[in-house]
Amino acid sequence: RTADFAAFRDPDLARELIARINALVADRAIYLMEVCGTHTVSIGRYGFRSVLPEGLHLLSGPGCPVCVTANRDIDRAIALARLDGVITATFGDMMRVPGSSTSLIAEKAAGRDIRVVYSPLDALDIAAQNPAREVVFISVGFETTTPAMAACVLEAAERGLSNFSLFCANKTTPAALRAIEDDPQTRIDGFLLPGHVSTITGAAPYRFLVDEFSTPGVITGFEPVDILAGIEMLARMVISGAPDIKNAYPRGAHREGNTVAQRLCAEVFEPCDALWRGLGELPASGLRLRDAYAAFDASRRFDIEVEPTVEPRGCRCGDVLRGRIAPGECPLFGRGCTPEHPIGPCMVSSEGSCAASFRFKDR
Ligand code: SF4
Numbered sequence: 011r012t013a014d015f016a017a018f019r020d021p022d023l024a025r026e027l028i029a030r031i032n033a034l035v036a037d038r039a040i041y042l043m044e045v046c047g048t049h050t051v052s053i054g055r056y057g058f059r060s061v062l063p064e065g066l067h068l069l070s071g072p073g074c075p076v077c078v079t080a081n082r083d084i085d086r087a088i089a090l091a092r093l094d095g096v097i098t099a100t101f102g103d104m105m106r107v108p109g110s111s112t113s114l115i116a117e118k119a120a121g122r123d124i125r126v127v128y129s130p131l132d133a134l135d136i137a138a139q140n141p142a143r144e145v146v147f148i149s150v151g152f153e154t155t156t157p158a159m160a161a162c163v164l165e166a167a168e169r170g171l172s173n174f175s176l177f178c179a180n181k182t183t184p185a186a187l188r189a190i191e192d193d194p195q196t197r198i199d200g201f202l203l204p205g206h207v208s209t210i211t212g213a214a215p216y217r218f219l220v221d222e223f224s225t226p227g228v229i230t231g232f233e234p235v236d237i238l239a240g241i242e243m244l245a246r247m248v249i250s251g252a253p254d255i256k257n258a259y260p261r262g263a264h265r266e267g268n269t270v271a272q273r274l275c276a277e278v279f280e281p282c283d284a285l286w287r288g289l290g291e292l293p294a295s296g297l298r299l300r301d302a303y304a305a306f307d308a309s310r311r312f313d314i315e316v317e318p319t320v321e322p323r324g325c326r327c328g329d330v331l332r333g334r335i336a337p338g339e340c341p342l343f344g345r346g347c348t349p350e351h352p353i354g355p356c357m358v359s360s361e362g363s364c365a366a367s368f369r370f371k372d373r
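Numbering of the sequence shown is given in the numbering used here, commencing with residue 11 and proceeding in unit increments.
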């Protein structure tokens, strides 16, 4: 199996694919969007932009969950963390994201009990160890992480943890792709579709790209050969004018996806409208807990005072997430905004386009 896996990093195979893509694309202008933040990081790490044709534009999309979380939701998470007696738990990436006037890490420094966890189940253990206190888990993520959140809520119910709740800012991917397709200022000829998300959802949710917009998509993995194979398949479909949704990641994603995980999510969550950074309010693109699990819904359990939303001044994260500009085109990139002193979330998250672009000097 190790030998099989090494094939996805095989330099000879990668060189061959690069040569094929260069010959195929030649001097055409083709705009592809990688939807997933992990793809963005891989593309930067392996320096693909420097070896692919100049006219092949790889644009980063809205696939970093922290980056697409609206300031309003960051502010709501901070307001929850400020409630007396509350222990807030969340993933590390959320800590440094600036809200309108502060961040979770600044609130922690000011004395709030905010803890970084690696799994939502860790938050359940904190709740069990602190029965006299409320524990709120701040959840952001896409279809990949939602099943773990659903399992966490079911386990909280089973363990009778009445002091645990979830602030759910989870989102679903297809609505964001539709918003990008509807944007007259963005040209996308094809989408590199997220392998991890597709492992859960399967391919069907992307079919509308072909049926309604004649835009092809390829589900890809995260190794160099995965990504190059996906780009080659996409470029072929763009050039031939024969759009389809194809799977270049059969070792991870299958046509139907993970139906057990899908059922688990559907039992606990229902779709709701959600506000995305850069994309605005998108219908049925978010998830909220069903009424049966309302007791675990932090938004329904706590009255919070949320400060008026102020967007980070000069930050172009919204345009970056829509593929309208590359990170380096933001006037603050590398000047006022760096990973040490981030102004917007795209520079905070390890999967953010600006952070990846800065780290790999891939502008
Ligand atoms: Fe926002 Fe910084 Fe990226 Fe500019 S470089 S879009 S300020 S995160």
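Don't be surprised by glycine CBs; every beta carbon is placed ideally from N, CA and C.
All figures in this text were calculated on a predicted structure; none of them were measured in a lab.
Following the continuous alpha helix (DSSP H) through residue i, name the residue where it begins and the one where it ends.
{"i": "MET43", "result": "Note, MET43: premise wrong, no alpha helix (DSSP H); beta strand (DSSP E) at 40-44."}
{"i": "ASN32", "result": "21-35"}
{"i": "SER367", "result": "363-369"}
{"i": "SER250", "result": "234-250"}
{"i": "GLY54", "result": "47-55"}
{"i": "GLU165", "result": "156-169"}
{"i": "LEU62", "result": "From DSSP, LEU62 is part of no alpha helix (DSSP H); its letter is neither H nor E."}
{"i": "SER359", "result": "Neither: SER359 is in no alpha helix (DSSP H) and is coded neither H nor E."}
{"i": "SER136", "result": "Looking at the sequence shown, residue 136 is not Ser but Ile. Taken as a continuous stretch (DSSP letters only), the alpha helix (DSSP H) holding ILE136 covers 130-139."}
Can you have a look at residue i and say buried or exposed, based on whether 16 or more other CB atoms are within 10 angstroms of its CB?
{"i": "SER9", "result": "Not covered by the structure: residue 9. The range shown for the chain is 11 to 373."}
{"i": "GLY71", "result": "buried"}
{"i": "VAL145", "result": "buried"}
{"i": "CYS282", "result": "exposed"}
{"i": "GLU350", "result": "exposed"}
{"i": "VAL228", "result": "buried"}
{"i": "VAL35", "result": "buried"}
{"i": "SER60", "result": "exposed"}
{"i": "PHE152", "result": "buried"}
{"i": "THR269", "result": "exposed"}
{"i": "ARG287", "result": "buried"}
{"i": "ARG326", "result": "buried"}
{"i": "VAL320", "result": "exposed"}
{"i": "ASP236", "result": "buried"}
{"i": "PHE15", "result": "exposed"}
{"i": "ARG332", "result": "buried"}
{"i": "ARG86", "result": "buried"}
{"i": "GLY328", "result": "buried"}
{"i": "ALA308", "result": "buried"}
{"i": "PRO215", "result": "buried"}
{"i": "ASN32", "result": "exposed"}
{"i": "ALA302", "result": "exposed"}
{"i": "ALA365", "result": "buried"}
{"i": "GLY251", "result": "exposed"}
{"i": "VAL313", "result": "Note that residue 313 corresponds to Asp in the displayed sequence, not to Val. Per the 10 Å Cβ criterion, exposed."}
{"i": "GLY54", "result": "buried"}
{"i": "GLY57", "result": "exposed"}
{"i": "ARG11", "result": "Caution is warranted here: a pLDDT of 48 is assigned to ARG11, below 50, making its placement in the model unreliable, and no coordinate value can be reported."}
{"i": "GLU233", "result": "buried"}
{"i": "PRO130", "result": "buried"}
Quick one: measure Cβ to Cβ for residue i and residue j, integer angstroms, because I've assumed they're closer than 8 Å.
{"i": "GLU361", "j": "THR48", "result": "6 Å"}
{"i": "LEU297", "j": "ASN140", "result": "With 8 Å as the limit, LEU297 and ASN140 do not qualify as a contact, their Cβ atoms being about 27 Å apart."}
{"i": "ASP199", "j": "LEU42", "result": "6 Å"}
{"i": "LEU219", "j": "THR211", "result": "So it is not a contact: roughly 13 Å between Cβ atoms."}
{"i": "ALA160", "j": "GLU277", "result": "7 Å"}
{"i": "ASP103", "j": "VAL358", "result": "7 Å"}
{"i": "THR154", "j": "PHE279", "result": "Not confirmed; about 14 Å, so no contact."}
{"i": "LEU299", "j": "LEU176", "result": "7 Å"}
{"i": "ARG323", "j": "THR196", "result": "So it is not a contact: roughly 24 Å between Cβ atoms."}
{"i": "PHE18", "j": "GLY231", "result": "7 Å"}
{"i": "GLY65", "j": "ASP94", "result": "Not a contact, Cβ separation roughly 58 Å."}
{"i": "PHE174", "j": "LEU203", "result": "Between LEU203 and PHE174 the Cβ distance is about 34 Å, and since that is not below 8 Å, they are no contact."}
Got a sec, what are the start and stop residues for the beta strand (DSSP E) residue i sits in?
{"i": "ALA376", "result": "Limits of the chain in this structure are 11 at one end and 373 at the other, which puts residue 376 out of reach."}
{"i": "SER70", "result": "66-70"}
{"i": "ARG298", "result": "290-299"}
{"i": "LYS256", "result": "255-257"}
{"i": "ALA150", "result": "Sequence inspection shows Val at residue 150; the Ala mentioned does not correspond to that position. From DSSP, VAL150 is part of no beta strand (DSSP E); its letter is neither H nor E."}
3 or more residues per run - each beta strand (DSSP E) lying fully within the region 174-227: 174-178, 200-204
Beta strand (DSSP E) runs contained entirely in the region 66-128, provided each spans 3 or more residues: 66-70, 96-100, 124-126
Unbroken stretches of the alpha helix (DSSP H), 4 residues or longer, contained in the region 301-337: 308-311, 327-331
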